[in-house]
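Numbering (the numbering used here), first residue to last: 995 to 1546.
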């Protein structure tokens, strides 16, 4: 029996070496093998005793699995493996569980950046994964028209992923992206300005209302503002998401972030995700998903007659008589949920980072306030001012620098096509999962110099930080790039510009007496989005111009 188990393990490893097998399929196969072995021992064994048969089957399966593990580990560490010549820590080479653990710490961006400092441009961060810290690799992996497909990290276990974000095949993604792109034209962004203007004014009121002895959790207000904005942009007049007004009693934000974190962590070990997805561990997303589905149902029944088109207008093909590309209800639910979750979390995270850096530096705060008050002496910004706002040089520099240091994101994993390819003058075998680490690129001295890890908006102004200084805007990867790049980039940038400007024109912002800079930064965690263990608490004093505007 032991010899047979070892033989079967060798055959299994040889047969599946270049094939991908789902985790739930593998588990089912093991269960069948166990049952057949136990039945065989029960019928033909010496004792023909049930418990003896179960014990024999358990021992057989144990020998089988241990042999597979040993063969797999030896192969992954041997010169026969296609990635054997690439450096990296031992555990990362052996199992994807190590990268999953790294992601679970929320500090993956820092850990991977440190690995590149130790090992160089190429680091093997998984049995079949390469992290490539190279600006030139971005074009090959992400930006060409025939860029690489997304990896199984975007597979949702047993869940039927039909949303734009989870479409891994480039052709299918392009078909869906064509539908989405109509919601992000220049005309659509102009109409979104009215919603953004109204909701940002409400943000000012929300901050005033939530103050307790002059102190307010600015980060939480921003989170609720971003969800309310995306609710309006997605569902239009049917939106009933009013977090600034009602607070988040259902924990929509927290639940969405927990679910995103689980997707990110388990995406590093897709076979394990296949198995665990049968459990109810994704319940954190249920509240937001139920609300999104309910709002979608309402929106489908009530088409606004006098309102500007919202995202649902395009997903529901309300402006077209064509039925060829109609999305089914599952696709609609996933896409609207994605619009709210992704559109809210990324923007609120970047904005929270940006305001933290602004308030931390009196020089930056003073210069930015001076520019804003010089352009808007009354302290009021309307939707018609948004285009002028985007042209302010120092505000744009602050937002760009906030985007650079406020996006501690992972690499966007892609799969090298079958024949392999050359990346940064190095051959990488087909089937390898590759990615360029966003944070490592954002703090690379080859892209930003001097002081790449410091918040210095002046690096983006004419003349930069002096002779020899470097500031490569093309190296900022917050929204990815190429065919899989984020369609909402222009909208997100406008949101951050408008919110920063309105808040600084409305309030004098200072950290609260008990705020701890070090704890705040140490408490930052990132998976698919950024979370903050310690609140961004500030004293928000209404400015004179804002008081005058409110009294008129």
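Heads up, the beta-carbon is just placed ideally off N, CA and C, and yes, glycines get one too.
message = When you compare the region 1107-1120 with the region 1448-1457, are there three or more beta-carbon pairs, one atom per stretch, that lie closer than 8 angstroms?
response = As far as the Cβ criterion goes, the region 1107-1120 does not touch the region 1448-1457, which means the pair count is below three.
ask   = In whole angstroms, what separates the C-alpha of residue 1529 from that of residue 1359?
value = A direct Cα-to-Cα measurement between residue 1529 and residue 1359 gives close to 20 angstroms.
inquiry  = My output table needs one value for residue 1370: the three-state DSSP class, helix, strand or coil.
reply    = DSSP places residue 1370 in coil when its eight states are reduced to three.
Opening and closing residue of the beta strand (DSSP E) in which residue 1502 lies = First-last of the beta strand (DSSP E) with residue 1502: 1501-1505.
message = Only counting the same chain, and skipping five residues up and downstream in sequence, which positions put a Cβ closer than 6 angstroms to that of residue 1265?
response = Taking residue 1265 as the centre and dropping the five residues before and after it, the same chain places the C-beta of 1017 closer than 6 angstroms to its C-beta, in chain order.
message = Taking a contact to mean a Cβ-Cβ separation below 7 angstroms, would you say residue 1090 touches residue 1262 in this structure?
response = Yes, these two residues count as a Cβ contact at 7 angstroms.
query = Taking the Cβ atom as the reference point for each residue, do residue 1455 and residue 1391 lie within a distance shorter than 7 angstroms?
reply = Cβ distance < 7 angstroms, so residue 1455 and residue 1391 count as in contact.
message = Three or more C-beta pairs under 8 angstroms: does that hold for the region 1425-1432 against the region 1378-1391?
response = No, the region 1425-1432 is not in contact with the region 1378-1391.
Sequence-distant residues of its chain with Cβ nearer than 8 angstroms to residue 1370 (five each side left out) = Excluding sequence neighbours, residue 1370 sits near 1379, 1495, 1499.
query = Using DSSP with H/G/I as helix, E/B as strand and the rest coil, what is residue 1151?
reply = In this structure, residue 1151 counts as coil in the three-state DSSP scheme.
query = For residue 1327, which residues of its own chain have a beta-carbon under 8 angstroms away from its beta-carbon, when the five flanking residues on both sides are left out?
reply = Within its own chain, the residues whose Cβ lies closer than 8 angstroms to the Cβ of residue 1327, once the five positions on either side in sequence are excluded, are 1283, 1286, 1287, 1290, listed in chain order.
query = Among all the DSSP beta bridges, which residues are the ones paired with residue 1408?
reply = Residue pairing for residue 1408: DSSP places it in a beta bridge opposite 1144, 1428.
query = Using 8 angstroms as the threshold, is the region 1392-1401 in touch with the region 1412-1421, meaning 3 or more CB pairs across them?
reply = No, they do not touch.
key: residue 1176 - DSSP class collapsed to helix/strand/coil   = In the three-state DSSP reduction, residue 1176 falls in the helix class (H, G or I).
query = For the region 1205-1224 against the region 1335-1353, are there 3 or more C-beta pairs whose distance is under 8 angstroms?
reply = Result yes; three or more Cβ-Cβ pairs closer than 8 angstroms.
key: Cross-strand partners of residue 1536 (DSSP beta bridge)   = BP columns for residue 1536 point to 1501.
task = Confirm, please, whether the CB-CB distance from residue 1338 to residue 1224 is below 7 angstroms.
result = Here residue 1224 is near residue 1338, since their CB atoms are less than 7 angstroms apart.
key: Other residues of its chain near residue 1076: CB distance less than 6 angstroms, five sequence neighbours each side excluded   = Within the same chain, Cβ atoms closer than 6 angstroms to the Cβ of residue 1076 are found at 1423, the five residues on either side in sequence being excluded.
task = Can you tell me which of the three DSSP states residue 1258 falls into?
result = Reduced to three states, the DSSP call for residue 1258 is helix.
message = Restricting to runs no shorter than 3 residues, where is the beta strand (DSSP E) found entirely within the region 1174-1220?
response = Secondary structure remark: continuous beta strand (DSSP E) runs of at least 3 residues inside the region 1174-1220, in chain order: 1209-1211.
ask   = Can the beta-carbon of residue 1525 be found closer than 7 angstroms to that of residue 1502?
value = 7 angstroms or more divides the Cβ of residue 1525 from the Cβ of residue 1502.
message = For residue 1231, would you say it is in contact with chain B, using Cβ-to-Cβ distances shorter than 7 angstroms as the test?
response = Annotation note: the requested chain B is absent from the structure, which comprises a single protein chain.
task = Look up residue 1465 in the DSSP assignment and give the residues it is bridged to.
result = According to DSSP, residue pairing for residue 1465 in a beta bridge involves 1442.
Residue 1012 to residue 1416 span [Cα, whole Å] = Rounded to the nearest angstrom, the two C-alpha atoms are 20 angstroms apart.
task = Apply the 10 Å Cβ neighbour rule to residue 1240 and answer buried if 16 or more other Cβ atoms are within range, or exposed otherwise.
result = The residue is exposed, with fewer than 16 neighbouring Cβ atoms inside 10 Å.
Three-pair Cβ contact test at 8 angstroms for the region 1153-1170 versus the region 1466-1475 = No, they do not touch.
message = Nearest by alpha-carbon distance to residue 1243: which of 1167, 1218, 1227, 1226 is it?
response = The candidate whose alpha carbon is nearest that of residue 1243 is 1218.
ask   = Can the beta-carbon of residue 1137 be found less than 7 angstroms from the beta-carbon of residue 1476?
value = Yes. Within cutoff.
query = Using DSSP with H/G/I as helix, E/B as strand and the rest coil, what is residue 1417?
reply = Secondary structure at residue 1417: strand, using DSSP grouped into helix, strand and coil.
For residue 1505 and residue 1514, the rounded distance between their alpha carbons = For residue 1514 and residue 1505, the distance between alpha carbons rounds to 11 angstroms.
ask   = Do residue 1094 and residue 1259 have their C-beta atoms closer together than 7 angstroms?
value = Cβ atoms of residue 1094 and residue 1259: closer than 7 angstroms.
task = Please confirm whether residue 1393 and residue 1511 have their CB atoms less than 7 angstroms apart.
result = At the C-beta level, residue 1393 and residue 1511 stay beyond 7 angstroms of one another.
ask   = Is the Cβ-Cβ distance between residue 1003 and residue 1058 less than 7 angstroms?
value = Cβ distance < 7 angstroms, so residue 1003 and residue 1058 count as in contact.
ask   = Does the Cβ of residue 1001 have 16 or more other Cβ atoms within 10 Å, making it buried, or fewer, making it exposed?
value = By the neighbour-count rule (16 or more Cβ atoms within 10 Å), residue 1001 is not buried but exposed.
ask   = Any idea what DSSP makes of residue 1079, helix, strand or coil?
value = In this structure, residue 1079 counts as coil in the three-state DSSP scheme.
ask   = Can you tell me whether DSSP reads residue 1519 as helix, strand or coil?
value = Residue 1519 sits in a strand when the DSSP states are folded into three classes.
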